[in-house]
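Order-wise, the sequence lines are chains X and Y. All residue numbers for the first sequence refer to full-length UniProt numbering, where the first residue is 1 and numbers rise by one. All residue numbers for the second sequence refer to full-length UniProt numbering, where the first residue is 1 and numbers rise by one. Positions of the beta carbon are idealized from the N, C-alpha and C atoms, including for glycine. Written below as structure tokens is the structure these notes are about.
There are 2 protein chains.
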Amino acid sequence: MQDRTRDLGGSAPLLESALRQFAAVGFEGASLQRIAADAGLSKSSVLYHFASKEALLDAALRPAVEDLTELVEDLVALSDDPSRHVFLARFVDYLFEHRLAIAVIINHGQALAGHAVIDEADALVRDLAFRIGPPGGKDRRSLRFGVALSGAAFVLIAADRWATDHVPDEEVRAELVDVLGEFVLGVQQPA
Amino acid sequence: MQDRTRDLGGSAPLLESALRQFAAVGFEGASLQRIAADAGLSKSSVLYHFASKEALLDAALRPAVEDLTELVEDLVALSDDPSRHVFLARFVDYLFEHRLAIAVIINHGQALAGHAVIDEADALVRDLAFRIGPPGGKDRRSLRFGVALSGAAFVLIAADRWATDHVPDEEVRAELVDVLGEFVLGVQQPA
DNA sequence: CAGCGTACTGCACGATCGGTCAGGACCGGC
DNA sequence: GCCGGTCCTGACCGATCGTGCAGTACGCTG
Numbered sequence: 001m002q003d004r005t006r007d008l009g010g011s012a013p014l015l016e017s018a019l020r021q022f023a024a025v026g027f028e029g030a031s032l033q034r035i036a037a038d039a040g041l042s043k044s045s046v047l048y049h050f051a052s053k054e055a056l057l058d059a060a061l062r063p064a065v066e067d068l069t070e071l072v073e074d075l076v077a078l079s080d081d082p083s084r085h086v087f088l089a090r091f092v093d094y095l096f097e098h099r100l101a102i103a104v105i106i107n108h109g110q111a112l113a114g115h116a117v118i119d120e121a122d123a124l125v126r127d128l129a130f131r132i133g134p135p136g137g138k139d140r141r142s143l144r145f146g147v148a149l150s151g152a153a154f155v156l157i158a159a160d161r162w163a164t165d166h167v168p169d170e171e172v173r174a175e176l177v178d179v180l181g182e183f184v185l186g187v188q189q190p191a
Numbered sequence: 001m002q003d004r005t006r007d008l009g010g011s012a013p014l015l016e017s018a019l020r021q022f023a024a025v026g027f028e029g030a031s032l033q034r035i036a037a038d039a040g041l042s043k044s045s046v047l048y049h050f051a052s053k054e055a056l057l058d059a060a061l062r063p064a065v066e067d068l069t070e071l072v073e074d075l076v077a078l079s080d081d082p083s084r085h086v087f088l089a090r091f092v093d094y095l096f097e098h099r100l101a102i103a104v105i106i107n108h109g110q111a112l113a114g115h116a117v118i119d120e121a122d123a124l125v126r127d128l129a130f131r132i133g134p135p136g137g138k139d140r141r142s143l144r145f146g147v148a149l150s151g152a153a154f155v156l157i158a159a160d161r162w163a164t165d166h167v168p169d170e171e172v173r174a175e176l177v178d179v180l181g182e183f184v185l186g187v188q189q190p191a
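Pasting the structure below:
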């Protein structure tokens, strides 16, 4: 799973709590105060590590965007292969690892249009939607992929809230691979 | 389509702009000032019509929750019928009519847990997820329904942002009925 | 005309927002 | 022992937050 521990100079817990807050209440709704408290720091400390709230958003989403870039490049490489189910499993793994970042991009992306990271992520997702998926008009493909991606993101965040008991990650992962395969790679409905 | 024009004493545009803001930036991120300005009123006027920001959220989501209640009751009535595809078309219509409210409930519900309307809506959605869908463990069914619902909600909000040209509602609707049918009512993946 | 209810507003409040700044605690190297 | 750098802090700024309140314009009923 490549190089865990990027550079991020020790501010990892800060990025995590920032991501949690952004995913939960959105960028505007999240306050530096709460993010700081959640990470066990003062507000000033947050602004020492990151020049602004927007810079914090950028840093928090950056790893997810970088990994997504890599993922799209790999998809381009294997192009017309039937090994797409393997790719899909990789994609689900990606969603698991970056579930909070994905939630921010998908659920709050609308309101954050204009911010560099968000636009970048949006372009990547659109690209992915265009390259993956069954034949059909590109809008149709985008729609299907949109449903699948956003649905998956929701489940990754809300699975525990909805399930009666805790569902282990492994089970959710398997079901997601199944569901997305059926969905994105195209199984026609009978009649 | 039952009684359009509920009672709401003339404050309909206010509720609409409130819904827009809540869906876009979440409850915490939305400010009464912006909601008021968007509706062409002063902040004080908003608090004249609704006792608090939370009361405004309640009023804005209430119609969607009521219609959803009705929808679930109808689903219970037809129970084991094979007319589920008809019900699904109705459900998609519902999603269209209340797309903003659905976006709030789905995307921001997590952060709003505890608010009466949200908990009510959550229970309804869970109930719907349990009653609809293919056989399988209830968690598995909930997961599939969760993916479908959240995915649909996303598409209804973001369709225009993603599509290269504007996709007419009618087309999205047809595709959604198709997609959700295949997805929620259960078509097994070959192999 | 007087009186009342409805819709709406400006102003003021305490709290919190994102952000600046001066300084304190701790570090290794000179 | 002093210095520079890293990490972190509290105090403070102007703006905006949700909310309360007094007041105003308007239309109805008597």
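Beta-carbon separation of residue 195 of chain X and X/Leu71 under 9 Å?
The requested residue 195 of chain X is not part of the displayed model; chain X covers only 1 to 191.
Could you give the first and the last residue of the continuous alpha helix (DSSP H) run that contains Y/Asp119?
DSSP places Y/Asp119 inside the alpha helix (DSSP H), whose first and last residues are 116 to 131.
Identified DSSP bridge partners for Y/Ala113
DSSP lists Y/His115 as partners of Y/Ala113.
Taking 9 Å as the threshold (C-beta atoms), are Y/Asn107 and Y/Ser150 in contact?
Contact: yes.
If you count every other CB in all the chains shown that lies within 10 Å of the CB of Y/Ala51, and 16 or more means buried, which is it?
Residue environment for Y/Ala51: exposed (fewer than 16 other C-beta atoms within 10 angstroms of its C-beta).
8 Å CB neighbourhood of residue 255 of chain X in its chain, flanking five on each side removed
Nothing can be reported for residue 255 of chain X, as the shown portion of chain X is limited to 1 through 191.
Residue 193 of chain X and X/Ile35 closer than 9 Å at C-beta:
Since the first and last residues shown for chain X are 1 and 191, residue 193 of chain X lies out of range.
Could you check where the alpha helix (DSSP H) with X/Ser45 kicks off and where it finishes?
Secondary structure note for X/Ser45: its alpha helix (DSSP H) is the uninterrupted segment 43 to 49.
Hey, out of X/Leu156, X/Val155, X/Asp127, whose CA is closest to X/Phe145's CA?
Of the candidates X/Leu156, X/Val155, X/Asp127, the one whose C-alpha sits nearest the C-alpha of X/Phe145 is X/Asp127.
Against chain Y, which members of the stretch 155 to 178 of chain X pass a CB distance test of less than 9 Å?
Listed by position, the residues of the stretch 155 to 178 of chain X near chain Y (Cβ gap below 9 Å) are Val155, Ile157, Ala158, Ala159, Arg161, Trp162, Ala163, Thr164, Asp165, Val167, Glu171, Val172, Glu175, Leu176, Asp178.
Can you tell me the Cα-Cα spacing of Y/Leu156 and Y/Val86, whole angstroms?
When only Cα atoms are considered, Y/Leu156 and Y/Val86 end up about 20 Å apart.
Quick one, which residues of the stretch 97 to 113 of chain Y are near chain X if we go by CB-CB under 7 Å, in chain order?
Of all residues in the stretch 97 to 113 of chain Y, Ile106, Asn107, Gln110, Ala111 have a Cβ within less than 7 Å of some Cβ in chain X.
What distance in whole Å lies between the Cβ atoms of Y/Gln21 and Y/Ala30, which are believed to be in contact at a cut-off of 8 Å?
About 4 Å separates the two Cβ atoms, so the contact holds.
Can you list the residues of chain X that Y/Ala152 reaches, using a CB-CB cut of under 9 Å?
The answer, in chain order, is Val147, Ser150, Gly151.
Excluding sequence positions up to five away, which residues of its chain have a Cβ less than 7 Å from the Cβ of Y/Pro190?
Caution is warranted here: a pLDDT of 34 is assigned to Y/Pro190, below 50, making its placement in the model unreliable, and the coordinate value is therefore given only provisionally. The same chain holds no residue with a CB closer than 7 Å to that of Y/Pro190 once the five nearest residues on each side in sequence are set aside.
When the cut-off is 9 Å and only beta carbons count, does X/Val117 lie next to chain Y?
Chain Y contact via Cβ: absent.
Please state the DSSP three-state secondary structure of Y/Ser11.
In the structure shown, Y/Ser11 sits in coil (DSSP, three-state: anything other than H, G, I, E or B).
With C-beta atoms as the reference, is X/Ala59 less than 9 Å away from X/Ala103?
Against a cut-off of 9 Å, the Cβ pair of X/Ala103 and X/Ala59 comes out as no contact.
Straight-line gap, Y/Val117 to X/Leu78 (C-alpha atoms, nearest Å):
Near 47 Å, if we compare the C-alpha coordinates of X/Leu78 and Y/Val117.
Cut-off 8 Å between Cβ atoms - residues of its own chain near Y/Phe130, not counting five sequence neighbours on either side
Here the set comprises Lys138, Arg141, Ser142.
Coil, strand or helix - Y/Ala163 by DSSP:
Correct three-state label for Y/Ala163: coil.
In this structure, how does DSSP classify X/Ala30 when only helix, strand and coil are distinguished?
Correct three-state label for X/Ala30: coil.
For Y/Met42, decide whether its Cβ has a neighbour in chain X, counting only Cβ atoms nearer than 9 Å.
According to the sequence as given, residue 42 of chain Y is Ser; it is not Met. False, the Cβ-Cβ gap to chain X never drops below 9 Å.
If you run the structure through DSSP and keep just helix, strand and coil, what is Y/Leu185?
Looking at Y/Leu185 - three-state DSSP - the assignment turns out to be coil, as it is neither helix nor strand.
Does the separation of the CB atoms of Y/Ala111 and X/Ala24 fall below 9 Å?
Yes.
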